[in-house]
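Accompanying notes for the structure given below.
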Amino acid sequence: MTSPPVVMAPRADGFDVVWGVGRLSRGRIEWRTPDGREGVVAGDAFGMVAQGDRVLRVRAGGWAPGTEVRLRAITEAIGGRPRRHVSGWKTARTLDAASDHARFAVWNDTHQRDDTLRALDAVTPPVDVLVWNGDLCNDWKSPASFVSTVLAPAGRDVSDGRPVTIVVGNHDVRGRWAYRLDDYVATPEGRPFTAMRIGPVACIVLHTGEDKPDDHPTFHGRVAFEPLRDEQAEWLRTVTARPEFAEAPYRVVFCHIPLRWIDESPVDYDAGGYDWFSRMSRDAWHDALVAWGAQVVVSGHTHQRTWLAPTDGFPYGQLVGGGPDADAASAEAATWIDGVAGPDSLVLTVRDLAGTVQHEVTLAPLVQVPIV
Ligand SMILES: [Fe+2]
38 MTSPPVVMAP RADGFDVVWG VGRLSRGRIE WRTPDGREGV VAGDAFGMVA
88 QGDRVLRVRA GGWAPGTEVR LRAITEAIGG RPRRHVSGWK TARTLDAASD
138 HARFAVWNDT HQRDDTLRAL DAVTPPVDVL VWNGDLCNDW KSPASFVSTV
188 LAPAGRDVSD GRPVTIVVGN HDVRGRWAYR LDDYVATPEG RPFTAMRIGP
238 VACIVLHTGE DKPDDHPTFH GRVAFEPLRD EQAEWLRTVT ARPEFAEAPY
288 RVVFCHIPLR WIDESPVDYD AGGYDWFSRM SRDAWHDALV AWGAQVVVSG
338 HTHQRTWLAP TDGFPYGQLV GGGPDADAAS AEAATWIDGV AGPDSLVLTV
388 RDLAGTVQHE VTLAPLVQVP IV
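Residue 409, in our numbering, is where the sequence shown stops; the numbers in between run on with no holes.
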């Protein structure tokens with residue numbers, strides 16, 4: 038194993054577990070729940086045991102919402118000298134829409150900065166979901182960098198006590214090897230957009246794509262985000278009509294590039310310009326987000342922590358986390374966002390790595406939180 042078993046794609050019934058391997062191997066997940074049940078997950082959707090020479094993935098599920106699952110990964114080399122690697126046990130709780138409280142954390146724009154990742158890992162508490170809000174990478178120059186960037190950043194086990202939802206940022210789709218990203222990033226439906234209920238908080242995860250049009254010469258014809266934005270616009274209408282999202286007390290969107298910014302002057306892409314906010318995404322999604330009642334869009338990308346309050350034209354606030362620098366005095370200082378929801382409020386607190394509160398946003402529930 039070249040990484041811990043990383044718990045990703047949190048769902049009400051389970052998770053995907055993804056881990057790196059140093060040679061051709063097969064893997065399985067062993068699990069135990071507090072009621073004494075235990076089991077093994079080995080087969081994939083086609084009946085095969087997870088196999089690979091760089092990364093293994095097992096989809097584990099079938100548990101009730103809010104179940105605390107202990108799990109570990111067993112890895113066995115295929116061919117050559119026999120080797121078997123058993124990871125330590127780690128604990129993860131399935132999502133529970135019926136809970137009257139929730140806690141999530143948000144990181145963004147870590148850009149492979151080990152000092153920042155170590156500090157974020159140290160200050161971030163156990164939470165229901167850790168949202169890693171894009172720009173994990175700079176660009177994918179080597180296939181070996183996926184494990185060191187996504188699965189074992191700075192050598193840490195970032196999903197320990199915090200199942201991870203990865204939001205794809207514009208730097209995560211750059212470089213010769215970017216097309217392999219989905220081997221290492223698990224999502225509930227295998228798409229880079231999804232929706233989940235973390236207790237009373239309905240969360241929509243969107244992929245804002247690149248920060249220039251698809252036909253920009255620097256992309257060399259490798260990206261197709263314009264149709265993906267349109268597809269997400271259609272999907273937004275459908276998913277937000279489902280009762281668990283349409284009737285959620287709190288409504289939050291996570292996307293890497295903001296949908297609003299402090300300066301919205303037109304960009305000259307031919308002169309080296311790029312999007313500080315994704316006008317293309319906003320044009321595609323704004324009406325659906327307003328119709329749903331989105332309260333806040335949480336983003337990164339600009340490396341400048343910022344809060345833009347709702348206005349008449351933009352009923353959703355825009356919260357933007359900081360940059361990649363571990364030094365709290367830097368203009369691009371890193372932040373983490375602590376989201377705490379209960380019956381009376383959802384509070385989003387943006388802190389730098391020195392612990393100083395930079396922004397605090399309090400949202401009232403749109404409908405009453407059922408007390409359980
Ligand atoms: Fe970034």
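Glycine included, every Cβ here is placed at the ideal spot set by N, Cα and C.
With a threshold of 7 angstroms, establish whether the CB of residue i neighbours any heavy atom of ligand 1.
i    : result
G73  : no
D172 : yes
H338 : yes
H148 : yes
G206 : yes
Excluding five sequence neighbours on each side, which residues of the same chain lie with their C-beta closer than 8 angstroms to the C-beta of residue i?
i    : result
A156 : A363, A371 and L390
I408 : D137 and P380
V58  : M38, T39, G64, G89, D90, R91, V92, L93 and T112
V276 : A232, I241 and F282
P402 : P237, P286, Y287, P380, D381, S382 and L383
Using DSSP's beta-bridge definition, name the partner residues of residue i.
i    : result
F256 : Answer is none; F256 lacks a bridge partner.
P139 : Note on identity: in this sequence residue 139 is Ala, with Pro being the wrong assignment. DSSP, once it has assigned bridges, lists A378 as partnering A139.
D389 : T372
Q355 : V334 and L345
Q405 : According to DSSP, which records beta bridges pairwise, Q405 is partnered with nothing at all.
W56  : L93
A110 : I66
C292 : L243
W329 : Answer is none; W329 lacks a bridge partner.
V394 : R388
I203 : W169
W144 : W169
M233 : C240
M45  : D53 and V201
V77  : E67
A87  : G64
K127 : L108
Taking the alpha-carbon of residue i as reference, which of the options has the nearest alpha-carbon?
i    : options                   : result
P352 : A368, G57, W344 and G330  : G330
G376 : V164, E113 and T393       : V164
R211 : F262, P225, V201 and P200 : F262
D53  : T343, P225 and M233       : P225
V143 : F291, G73, Q405 and D72   : F291
A191 : D220, Y216, H148 and A270 : H148
A82  : V95, D72 and R74          : V95
D248 : S318, P180, N145 and I115 : S318
R297 : P47, V357 and R120        : V357
A328 : R274, Y306, A366 and D349 : R274
L243 : V201, I294 and P254       : I294
D197 : A189, T128 and E369       : T128
A368 : R150, G73 and H340        : H340
V86  : D219, A114, P361 and R107 : A114
V166 : L218, R234, D324 and V106 : R234
G117 : R60, V160 and G99         : R60
R217 : H253, K178 and F230       : K178
R48  : R199, D220 and V205       : R199
N145 : G350, I374, L188 and R259 : I374
F183 : A215, P162 and V160       : A215
H338 : Q355, L326, H323 and P180 : Q355
Identify, in the order they occur along the chain, each residue of the same chain with its Cβ nearer than 7 angstroms to the Cβ of residue i, setting aside the five sequence neighbours on each side.
i    : result
V400 : First, the residue type needs correcting, since residue 400 is Leu and not Val in the sequence shown. Within the same chain, L400 has close Cβ partners Y287, Q332, V333, S382 and L383.
R266 : G246, M317, S318 and A321
V304 : G310, Y311 and D312
D152 : A363
R342 : V357, G358, G359, T372, V387, Q395 and H396
V201 : V43, V44, M45, L167, W169 and V195
A325 : A270, L273, R274 and T277
D50  : G98, G99, W100 and T131
Going by beta carbon distance, what residues of the same chain come within less than 6 angstroms of residue i, once the five residues before and after it are set aside?
i    : result
D133 : P102 and G103
I203 : W169 and V222
H208 : D172, C174 and N175
V77  : R65 and E67
P42  : V54, W56, A110 and S124
R120 : A114
Q269 : F230 and L243
D220 : V92
L188 : S40, V43 and G57
Is there a Cβ of chain D sitting closer than 8 angstroms to that of residue i, yes or no?
i    : result
L218 : Looking at the structure shown, chain D is missing, and only one protein chain is on hand.
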